[in-house]
Amino acid sequence: MQDKTHLVDEITRHRRMRRNRKADWTRRLVQENRLTVDDLIWPVFVIPGSGILEPVPSMPGVNRMSIDKLTDAAREAADLGVPAIATFPNIEMTLRDETGSNSLEANNLINQATIAIKKAVPNIGVITDVALDPFTSHGHDGILYDGEIVNDETVDQVARAAVMQADAGSDIIAPSEMMDGRIGAIRRALDAAGHQNVGIMSYATKFASAFYGPYREAISTGGLLKGDKKTYYIDPANGTEAIRDAALDVEEGADMLMVKPGLPYLDICWRMKEAFGLPTFAYQVSGEYAQIKAAAMNGWIDGERAMLETLLAFKRAGCDGILTYFAIEVARLLAKR
1 MQDKTHLVDE
11 ITRHRRMRRN
21 RKADWTRRLV
31 QENRLTVDDL
41 IWPVFVIPGS
51 GILEPVPSMP
61 GVNRMSIDKL
71 TDAAREAADL
81 GVPAIATFPN
91 IEMTLRDETG
101 SNSLEANNLI
111 NQATIAIKKA
121 VPNIGVITDV
131 ALDPFTSHGH
141 DGILYDGEIV
151 NDETVDQVAR
161 AAVMQADAGS
171 DIIAPSEMMD
181 GRIGAIRRAL
191 DAAGHQNVGI
201 MSYATKFASA
211 FYGPYREAIS
221 TGGLLKGDKK
231 TYYIDPANGT
241 EAIRDAALDV
251 EEGADMLMVK
261 PGLPYLDICW
271 RMKEAFGLPT
281 FAYQVSGEYA
291 QIKAAAMNGW
301 IDGERAMLET
311 LLAFKRAGCD
321 GILTYFAIEV
331 ARLLAKR
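Here UniProt numbering is used: the first residue of the sequence shown is 1, the next is one more, and so on.
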């Protein structure tokens with residue numbers, strides 16, 4: 001028999017990586033990571049009023065929704081199999097003040113939304129944030145005194161707000177304001193109020209990023225912000241500090257960890273999952289979403305493929321799930337497969 005060994009066989013020692021890529025069925029057999037609807041959390045924006053779907057200009061396809069429209073959207077999400085939604089309020093400017101006091105109103109917009117969603121769609125999870133930026137007149141995540149975001153007073157307030165959100169039916173509290181000690185304080189407050197079954201998804205590593213702009217437009221804080229958030233968000237240069245921050249949240253009782261933003265911090269996703277083994281999530285933030293949408297609308301990239309590729313990257317980096325504004329679009333697409 002004629003020896004058909006090729007130079008390539010000698011170079012590779014008969015190990016050809018393309019053998020497992022030769023057909024669709026072999027590629028499916030050896031695929032290491034898969035994106036499913038179970039990986040998706042849908043961030044949504046709620047506004048006062050009724051019958052309102054208000055587009056966010058910098059986030060094509062994303063709307064601010066009044067509570068009645070939001071409950072309809074939550075029902076669709078549940079029908080598609082999306083496990084949970086994360087709600088963010090855009091309250092009236094007249095209700096915003098230096099301390100974000102409306103966060104402590106039991107009947108505020110975010111709590112009204114939770115009550116309505118859990119009544120209309122009890123089988124979908126509701127995740128709520130206790131950061132103060134939607135409620136403050138200065139756009140910061142905490143209480144501002146004499147030009148300083150004060151840590152301890154903010155922690156006291158977000159812990160109280162967390163109990164009210166749990167009272168309204170929130171399943172998971174997701175504190176994003178990055179104050180020291182907040183996870184432990186919230187856990188103690190929830191337990192003291194009888195909410196031992198309410199989880200905490202810590203924004204364990206939230207970076208002082210350039211990718212938040214469209215979100216700030218969506219909740220109308222962009223024009224309010226005085227200064228920046230670098231005194232409490234993490235420096236994008238600091239990976240080890242981020243892991244130390246996450247470690248403290250784990251010690252204080254976090255049930256889940258989140259990395260925000262997502263794609264620029266895949267290394268942090270991997271390091272956190274490896275270090276702690278807790279359920280780990282990434283937030284594909286508004287700027288990431290807007291980039292893909294804008295490039296696709298200009299015909300520069302295949303938007304659908306880019307969307308799916310970026311979400312799969314989070315799975316490859318060790319994430320158990322992703323908060324993404326693409327959630328409904330992806331869920332519809334996956335339902336057709």
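Where is the CB? At the ideal position from N, CA and C, for every residue including glycine.
**Prompt:** In chain order, which beta strand (DSSP E) runs of at least 3 residues are fully inside the segment 41-101?
**Reply:** 53-55, 63-65 and 84-89
**Environment of Ile172 [buried if 16+ CB atoms lie within 10 Å]** = buried
**Prompt:** Quick one: what does DSSP say Leu308 is sitting in, helix, strand or coil?
**Reply:** helix
**Request:** Might you give, ordered along the chain, the residues of its own chain that have their beta carbon closer than 6 Å to the beta carbon of Lys246, omitting 5 neighbours on each side?
**Result:** Rather than Lys, the amino acid found at residue 246 in this sequence is Ala. Closer than 6 Å at Cβ, skipping near neighbours: Ala204, Thr205, Leu257 and Met272.
**Request:** Go to Thr128, then tell me how far its beta strand (DSSP E) extends in each direction, as first and last residue.
**Result:** Gly125 to Thr128
**Secondary structure of Gly227, DSSP reduced to three states** = coil
**Request:** Would you mind working out which of Gln165, Tyr233 and Gly262 sits nearest Gly318, comparing C-alpha positions?
**Result:** Gly262
**Asked** Can you tell me whether Gln165 is buried or exposed, with buried defined as 16 or more other CB within 10 angstroms of its CB?
**Response** buried
**Request:** May I ask you to report which of helix, strand or coil DSSP gives Phe326?
**Result:** coil
**Beta-carbon gap between Lys230 and Ala208 smaller than 8 Å** = yes
**Item:** Nearest candidate by alpha-carbon position, reference residue 399, set Glu153, Asp320, Arg305 and Leu311
**Value:** As shown, the chain starts at 1 and ends at 337. That puts residue 399 outside it, with no answer to give.
**Request:** Just tell me which of Ile143, Gly139 and Leu323 has its CA closest to the CA of Thr310.
**Result:** Leu323
**Asked** So the beta strand (DSSP E) Ser202 belongs to, where does it begin and stop?
**Response** Gly199 to Lys206
**Asked** Touch check for the segment 120-130 and the segment 70-79: three-plus C-beta pairs under 8 Å?
**Response** yes
**Item:** Classification of Gly199 by the beta-carbon crowding that lies within 10 angstroms, buried from 16 upward
**Value:** buried
**the segment 53-60 / the segment 277-296 touching (three or more Cβ pairs under 8 Å)** = yes
**Request:** Would you list, in sequence order, the uninterrupted alpha helix (DSSP H) runs of no fewer than 4 residues that lie entirely inside the segment 227-279?
**Result:** 239-252 and 266-276
**Close-in-space but distant-in-sequence residues of the same chain around Leu109 (CB under 7 Å, 5 per side omitted)** = Val46, Pro48, Pro89 and Ile91
**Item:** Reduced DSSP category for Phe314 - H, G, I as helix; E, B as strand; rest coil
**Value:** helix
**Request:** Can you give me the start and stop residues for the alpha helix (DSSP H) that Ile149 sits inside?
**Result:** Here Ile149 belongs to no alpha helix (DSSP H); instead the beta strand (DSSP E) covers Glu148 to Val150.
**Prompt:** From Ile127 to Asp141, what does the alpha carbon distance come to, in whole angstroms?
**Reply:** 17 Å
**Message:** With a threshold of 6 Å on Cβ separation, who are the neighbours of Tyr60 within its own chain once the five nearest residues in sequence on each side are excluded?
**Reply:** Reading off the sequence shown, one finds Pro at residue 60, where the question assumed Tyr. So the qualifying residues of the chain are Lys293.
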